Amino acid sequence: MDFCTSHFGKSLADMSISDIESYFLNERIETDQLEFKSINPNGNIEEKFSGIQRSISGFLNSSGGLIIWGAPQGQKISGRKEKIYKGGLTFFNQIFEKDFIISKISDSIIPMPNNIRVKTLDDGNKCLIVLEIDISEYSPHQFSNTYYMRIDGQTRPAPHHYIEALFKKIKYPNIEAFLSIKDMKIQGGNVIIKILVAFFNWSALQNEEQLAFRIFTNGIFHGSSFQVNFNRYSNEGHEFFKTNAKDVVYYGEPIYEVETIIFDLGDFLENNSKAKIDISFGGKFSPRKNCQYEINLRGSGMEDYDAAVTIINENILSIDLIEQKGQTKESIIKSLKNVKLKQ
Numbered sequence: 008m009d010f011c012t013s014h015f016g017k018s019l020a021d022m023s024i025s026d027i028e029s030y031f032l033n034e035r036i037e038t039d040q041l042e043f044k045s046i047n048p049n050g051n052i053e054e055k056f057s058g059i060q061r062s063i064s065g066f067l068n069s070s071g072g073l074i075i076w077g078a079p080q081g082q083k084i085s086g087r088k089e090k091i092y093k094g095g096l097t098f099f100n101q102i103f104e105k106d107f108i109i110s111k112i113s114d115s116i117i118p119m120p121n122n123i124r125v126k127t128l129d130d131g132n133k134c135l136i137v138l139e140i141d142i143s144e145y146s147p148h149q150f151s152n153t154y155y156m157r158i159d160g161q162t163r164p165a166p167h168h169y170i171e172a173l174f175k176k177i178k179y180p181n182i183e184a185f186l187s188i189k190d191m192k193i194q195g196g197n198v199i200i201k202i203l204v205a206f207f208n209w210s211a212l213q214n215e216e217q218l219a220f221r222i223f224t225n226g227i228f229h230g231s232s233f234q235v236n237f238n239r240y241s242n243e244g245h246e247f248f249k250t251n252a253k254d255v256v257y258y259g260e261p262i263y264e265v266e267t268i269i270f271d272l273g274d275f276l277e278n279n280s281k282a283k284i285d286i287s288f289g290g291k292f293s294p295r296k297n298c299q300y301e302i303n304l305r306g307s308g309m310e311d312y313d314a315a316v317t318i319i320n321e322n323i324l325s326i327d328l329i330e331q332k333g334q335t336k337e338s339i340i341k342s343l344k345n346v347k348l349k350q
């Protein structure tokens, strides 16, 4: 995650001292993903890095975050639990090389962390340091024989049950799907839409296997009219599916599916309804997700494909979708009584 963009509106690479100065013109408090450390230019540099290494370990074991090392001195305010950070920045009276900082961090945290981004901000004589830490793929991490975590805006030793949960955590590939309209035209009383559905695996270190999907629509898939394709369509042409679209889905590799859907324009105009496309998908290791779209079949939507599409849900876990609908295990089982079988 790009934490700098979330807090400053720009990436870490584009940050400057003036951005930090402007940020602390207002009162700031620490959170589970945000830590401020002031700098005393005197003292032992090893002790200073020790505090940073402990904090980084906590972020790695939690949800990641941002450390501003050079923040104003924290102030205790009567009646308030947390410290307030506002005013002038603090600086090292020397400039550290980025490689030196990364080396100090990497050599002290076990296992060695990755996805830590460092930016030294200096004016030629003094500097402060900003660090972005992503949640780790290899947690739990320890520093000085202790596991740390972020809680209540502080870095604290992690309790046993939290460490145990980190060791046992279950990870799955992050698979997402996106819809794009490639063509839409009126022909013989029908609206004919060519769609592209792209599937991606966004997990850099975990491949997915046996990607499967189903695409439902209130139109008719053109390919369902050809007998050779009967094993890919069902529900009288309203559904297109594949049980194994790709054996292995690698990080960032797009899996494209292009289909043509036919809608009876008269029926839609008469009922003032919209075209609907629902996509459900998952793999051997990833849980099922859903995308839901509506498409305007008239007006400006016929010329502007992006404007024609309304996203109802996109890449939402099926379990979350079920909860949104207020469904429970009991209601789903009860609904079986209303299922009618074809004679």
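In terms of my numbering, the sequence shown has 118 at position 111, counting the first letter as 1, and numbering is strictly consecutive. We put the beta carbon where it would ideally sit given N, CA and C, even for glycine. These figures come from a predicted structure and were not determined experimentally.
Residue i and residue j closer than 7 Å at C-beta
i	j	result
E42	S18	no
G94	P118	no
K201	K189	yes
F220	A205	no
L135	F103	no
H14	L67	no
P180	N100	no
I91	E139	no
S146	L173	yes
I52	V137	no
For residue j and residue i, the rounded distance between their alpha carbons
i	j	result
D106	G333	52 Å
E260	N214	10 Å
K55	A165	22 Å
G226	S280	12 Å
I326	D311	33 Å
K336	G160	38 Å
I182	N322	8 Å
S85	I36	15 Å
V198	I269	6 Å
S88	I24	Position check: residue 88 holds Lys in this sequence, whereas Ser was assumed. The alpha-carbon atoms of K88 and I24 are separated by roughly 29 Å.
L304	K249	27 Å
Residue i, buried or exposed, once every other Cβ within 10 Å from all chains shown has been counted against 16
i	result
V125	buried
K296	buried
A315	buried
S115	buried
Y263	exposed
K83	exposed
S64	buried
P294	exposed
A282	buried
Supposed close pair residue i, residue j - CB separation, criterion 8 Å
i	j	result
Q217	D254	7 Å
G230	E266	7 Å
I352	E246	Because the chain is modelled from 8 through 350, residue 352 falls outside the range shown and cannot be assessed.
CB contact check: residue i to chain C, cutoff 7 Å
i	result
L138	No chain C appears in the structure shown, which is made up of a single protein chain.
Could you tell me which uninterrupted alpha helix (DSSP H) segments, each at least 4 residues in length, are contained entirely in the segment 257-295, listed from first to last along the chain? DSSP runs (the alpha helix (DSSP H)) wholly in the segment 257-295: 272-278.
List in chain order: all unbroken beta strand (DSSP E) runs of 3+ residues lying wholly within the segment 95-135. Listed in chain order, they are 123-129.
Which whole runs of the alpha helix (DSSP H) in the segment 227-253 are 4 residues long or more, in chain order? Runs found: none.
For the segment 28-66, which segments carrying the beta strand (DSSP E) assignment without a break, of at least 3 residues, lie completely within its bounds, in sequence order? DSSP runs (the beta strand (DSSP E)) wholly in the segment 28-66: 41-44.
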